[in-house]
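Protein sequence lines, in the order shown, are assigned to chains F and P. No gaps in the numbering here: position 145 of the first sequence is 145 in this note's numbering, and each next residue is one more. No gaps in the numbering here: position 41 of the second sequence is 274 in this note's numbering, and each next residue is one more. Have a look at the structure below before the remarks.
Number of protein chains: 2
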Amino acid sequence: MTIADASKLPSLSDFSGSLSDRVHAAIKGAILSLDFLPGSSIRKTDVCDRLNVSRSPVAEALTKLSSEGLVDIVPQSGTRVSRISMAAIREDSFFREALEVAATRHAALHRTPDVVARLKRNLEMQKLLIVDVDKEDFIRTDDAMHEIIMSTTGMARLPSMVDAVSAQIDRARLMMVPEPGRLADTVDEHRKIIDAIERQDVHGAEDAIRDHVRQLLTRLQSLETDRPDLITS
Amino acid sequence: MTIADASKLPSLSDFSGSLSDRVHAAIKGAILSLDFLPGSSIRKTDVCDRLNVSRSPVAEALTKLSSEGLVDIVPQSGTRVSRISMAAIREDSFFREALEVAATRHAALHRTPDVVARLKRNLEMQKLLIVDVDKEDFIRTDDAMHEIIMSTTGMARLPSMVDAVSAQIDRARLMMVPEPGRLADTVDEHRKIIDAIERQDVHGAEDAIRDHVRQLLTRLQSLETDRPDLITS
DNA sequence: CTATGTCAACTAACATGTTAGTTGTGCGAT
DNA sequence: ATCGCACAACTAACATGTTAGTTGACATAG
């Protein structure tokens, strides 16, 4: 059984909030970036030594990660980084789809000219970033678009909810090999979503965002054959 | 400032799982049943004394309740039972609607004759229970119907997800005065949902479940004027 | 060589001691 | 009487000690 390499943990000073929060963020980052490999076991004492904290905040952080599905705690035995399972990815994808569809529906029903303008400006930015092949910034802009749509609902907890439910997806996404032309396709999907919102075409917007979210799921399925070492079931 | 009466906590032996889990269930029950009143502060030591456990499991339980929105933890200061806010209820209702709509959509798309039969049997049971005016059993049967629909998705975590997101709603629901004829209306809403699933009418099923979930929200709005002492904002 | 039982090492869970931040209270100054 | 400030009491957060359940290694019997 491999053991997660605690030396890969970033320093706590990179984060804010309570000690527990920072430990949580540090470990979560290590898991999502695959510095902590799926299936490896986490030794609390290693983490404590590396971060210079006691077991309390580490225990609390691991409990939270467990509820997010990123680690498996076996009572009285040990804690392991959860393996990526297609079943878990499909579940997370289902939840994410449910929330994104609801948000997009709301956006289509209640859109204001201001929101449409912001979405269109965001889309133009995306087009520019494709030409630059600036993937980092593209992802940031992509996220911003989804946030604009979510913000129309006025639900403060929605972004963090979507975030929590996307943990497995985010981790799996990192293992995918980039696909040529995928960025251009993504922008096209975004355009369809924004167009439907502008027309207040509720069903059109729902279908468009659903297609978009499912694109990712479809592409993730390929991991099952590509990286069977990291995927269970 | 009122203080939550720890003597109202049920005994831990009524629950199963780890000590933390049982403490969590006990406190959650007290909050949802309004034995712990919204706004009152929870004294860890009282809870420890009553349940004969140390502060660790109590702290963990309260952390979890905090993430469910049932208590507010003020760092270095205190923990209070969260007041019911219309904003929180609306958010929870939004999340619940998103999940239930997604589940119902899935049920309509992939329904089998067996599922339809089970749903129809459940509906007949509901009709009988109206005549008996057996509210307890009616609620159980109501819940069972939603579970049948959710089970068609095959998503293991869906019920617990909906449950977590319904905490605020469940608490508020208890304060509502029963409305004559409401049960019959509920059955009618259920019938529409089941009919649409049987016809594989996706949009019809979505609309029907949405109407159903929103009925509750609408009725909850009245609390804002009826019980302003328990509602904030 | 395999199956099984024992035991030591390890771990999460729980208990308890300690620290530091917040809040209200009362006293004194104005 | 009111404002401000110091202080005491209380709390969550954190550190650390203790308990009990799990696991795998190893020895031993078949």
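Every residue gets a Cβ at the ideal spot worked out from N, C-alpha and C, and that includes glycine.
- For F/Gly78, DSSP records a beta bridge to F/Val74.
- Under the Cβ criterion of 9 Å, F/Lys120 is not counted among the residues facing chain P.
- Put simply, the backbone Cα of F/Ala167 is about 14 Å away from that of F/Asp143.
- In this structure, F/Leu34 is the residue among F/Arg96, F/Val101, F/Leu34, F/Ser56 with its C-alpha nearest to the C-alpha of F/Leu70.
- In the structure shown, F/Ser67 adopts helical secondary structure according to DSSP, grouped into three states.
- Burial of P/Thr374 is indicated by the presence of at least 16 other C-beta atoms within 10 angstroms of its C-beta.
- Put simply, the CB of P/Lys297 is near chain F, with a gap under 9 Å to one of its CB atoms.
- If the five residues before and after F/Glu189 are omitted, its C-beta is found closer than 8 Å to the C-beta atoms of Ala208, Asp211, His212, Gln215, all from its own chain and listed in chain order.
- The C-beta distance from F/Leu230 to F/Ile139 rounds to 22 Å, too long to fall under 8 Å, and the pair is not in contact.
- For F/Val131, the closest alpha carbon among the candidates F/Ser160, F/Met86, F/Leu183 is that of F/Leu183.
- Annotated three-state conformation of P/Ser253 is helix, per DSSP.
- Under DSSP, F/Ser54 takes part in no beta bridge, so it has no partner.
- For F/Val23 and P/Asp347, the gap between their C-alpha atoms comes out near 48 Å.
- Neighbours of F/Pro57 across chain P, judged by C-beta separation under 9 Å, do not exist; the nearest C-beta is about 11 Å away.
- In this model, F/Phe15 and F/Ala25 are separated by some 7 Å (Cα to Cα).
- For F/Thr232, the three-state secondary structure derived from DSSP is strand.
- Under the three-state reduction of DSSP, P/Ser318 is assigned to strand.
- For P/Ala397 and F/Thr2, the gap between their C-alpha atoms comes out near 34 Å.
- For the options F/Ala87, F/Arg171, F/Lys120, F/Thr104, the alpha carbon positioned closest to that of F/Phe36 is the one of F/Arg171.
- Per the C-alpha coordinates, the member of F/Gly204, F/Asp5, F/Thr225, F/Ser11 positioned closest to F/Ala108 is F/Gly204.
- Counting C-beta pairs closer than 8 Å gives fewer than three between the stretch 147 to 158 of chain F and the stretch 85 to 94 of chain F, which falls short of the contact rule.
- The Cβ neighbour count for P/His343, taken over all protein chains shown within 10 Å, is under 16; the residue is labelled exposed.
- In terms of Cβ geometry, F/Asp72 and F/Ala4 do not form a close pair [threshold 9 Å].
- DSSP, reduced to helix, strand and coil, places P/Ser246 within a helical segment of the structure shown.
- In this structure, F/Lys8 is the residue among F/Glu97, F/Lys8, F/Leu174 with its C-alpha nearest to the C-alpha of F/Arg50.
- Our two residues, F/Ile197 and F/Glu147, have alpha carbons roughly 14 Å apart in a direct line.
- Between F/Arg157 and chain P, the shortest Cβ-Cβ separation is below 9 Å.
- Annotation for F/Ser151: the continuous alpha helix (DSSP H) segment containing it runs 135 to 151.
- Counting only residues of its own chain and dropping the five nearest sequence neighbours on each side, P/Cys281 has a CB closer than 7 Å to the CB of Ser287, Arg288, Val291.
- At a Cβ-Cβ threshold of 9 Å, F/Leu220 and F/Met176 count as neighbours.
- For P/Ala438, no chain F residue has a Cβ inside 8 Å of its Cβ, as the nearest lies near 14 Å away.
- In the DSSP assignment, P/Glu422 falls within the unbroken alpha helix (DSSP H) covering 415 to 431.
- In this chain, the alpha helix (DSSP H) harbouring F/Glu124 covers 113 to 132.
- With a cutoff of 9 Å on beta-carbon distance, F/Gln126 and F/Val187 are scored as near each other.
- In this structure, DSSP gives P/Ser326 a helical state, which the three-state scheme calls helix.
- Spatial neighbours of P/Ala294 in its own chain (CB-CB distance under 7 Å, excluding positions within 5 residues in sequence) are listed in chain order as Ser253, Val256, His257, Ile260.
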